[in-house]
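Right, one structure below, let's go through it.
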Amino acid sequence: GENVEQHPSTLSVQEGDSAVIKCTYSDSASNYFPWYKQELGKGPQLIIDIRSNVGEKKDQRIAVTLNKTAKHFSLHITETQPEDSAVYFCAASKGQNFVFGPGTRLSVLP
Amino acid sequence: GAVVSQHPSRVICKSGTSVKIECRSLDFQATTMFWYRQFPKQSLMLMATSNEGSKATYEQGVEKDKFLINHASLTLSTLTVTSAHPEDSSFYICSANPRSHHSTDTQYFGPGTRLTVL
Chain A
155 GENVEQHPST LSVQEGDSAV IKCTYSDSAS NYFPWYKQEL GKGPQLIIDI
205 RSNVGEKKDQ RIAVTLNKTA KHFSLHITET QPEDSAVYFC AASKGQNFVF
255 GPGTRLSVLP
Chain B
84 GAVVSQHPSR VICKSGTSVK IECRSLDFQA TTMFWYRQFP KQSLMLMATS
134 NEGSKATYEQ GVEKDKFLIN HASLTLSTLT VTSAHPEDSS FYICSANPRS
184 HHSTDTQYFG PGTRLTVL
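Chains A and B are the protein sequences, given in the same order.
Okay, so the first sequence: first residue is 155 according to this note's numbering, each after it adds one.
Okay, so the second sequence: first residue is 84 according to this note's numbering, each after it adds one.
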């Protein structure tokens, strides 16, 4: 079955700096890769996603890149703000069922 | 758009009682709804997948007689934790997959339900 790894597990950056979170997946048939942000005590919120026919996608300060050959995808957050502090989860799927990574706790220091 | 609600947001119950959690898609119809469980500082673990009008598909290791799922309509799914025990205490989160040809695999999550079994 699919296995998703995520690094780093924790990440601290200064406000205004960039943050990068990387995920790798094992099943080459996976074709959909969403990223979720989860604040304490709340449900995950979809922030960006990418499909296997696209190499990069950007939405304001957030971007995702996908390398199908290497089977890894990354989340890039530029100009980080304190409200970006949360746990971020990547996921991979080839149908309806998602396999989530273990999560990255991002702290943006003012 | 794509709002999913859950009720209740938190519940405390005595050991041996049953608890029902509702998940609703507010502004879209959901072909499929998913139920996850999340322990503190851990990732989301899929418990079961449910399609409207059919039986839920449970993940390996999840007791179908303990976690009853009913998907009565395209906007409502319920999870009932029967004979709850302290080890069932967790954060239960549902998600819904919109009935749209544009997003056949996107999942939108509810806010979660914190269950505490005493």
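Even for Gly, the Cβ is constructed at its ideal location relative to N, Cα and C.
Query: For D203 (chain A), which beta-bridge partners are listed by DSSP?; Result: A:P188
Query: Taking C-alpha atoms, which residue in A:T258, A:A173, A:T223, A:G255 lies nearest to H230 (chain A)?; Result: A:A173
Query: Would DSSP call E142 (chain B) helix, strand or coil?; Result: coil
Query: What does the alpha-carbon distance come out to for the pair S166 (chain A) and I216 (chain A)?; Result: 17 Å
Query: My parser needs the beta strand (DSSP E) runs of 3 or more residues fully inside the segment 93-179 of chain B; what are they?; Result: 93-96, 102-108, 113-121, 128-134, 150-156, 159-164
Query: Establish whether the CB of P198 (chain A) and some CB of chain B are separated by less than 7 Å.; Result: yes
Query: Looking only at its chain, what residues have a beta carbon closer than 8 Å to the beta carbon of D188 (chain B), apart from the 5 residues adjacent to it on each side?; Result: N180
Query: Report all residues from its chain with a CB closer than 6 Å to the CB of D213 (chain A); omit the five preceding and five following residues, and keep chain order.; Result: I202
Query: Which residue or residues does DSSP assign as beta-bridge partners of E210 (chain A)?; Result: A:T219
Query: For the segment 240-254 of chain A and the segment 180-189 of chain A, state whether three or more C-beta atom pairs, one from each stretch, are separated by less than 8 Å.; Result: yes
Query: Quick one: residues in its chain with C-beta nearer than 6 Å to the C-beta of T199 (chain B), no 5 flanking neighbours on either side, listed in chain order?; Result: I95, S172
Query: Look up L263 (chain A) in the DSSP assignment and give the residues it is bridged to.; Result: A:Q168
Query: What residues from the segment 241-264 of chain A come within 8 Å of chain B, judged by C-beta to C-beta, listed N to C?; Result: F243, S247, G249, Q250, N251, F252, F254, G255, P256, G257
Query: Starting from K176 (chain A), trace the beta strand (DSSP E) both ways and give me its first and last residue.; Result: 173-179
Query: Among B:T161, B:M130, B:F150, B:E170, which residue has its Cα nearest to the Cα of S108 (chain B)?; Result: B:T161
Query: What would DSSP say about P181 (chain B), mapped onto helix, strand or coil?; Result: strand
Query: Check this for me: beta carbons of S206 (chain A) and K225 (chain A), under 7 Å apart or not?; Result: no
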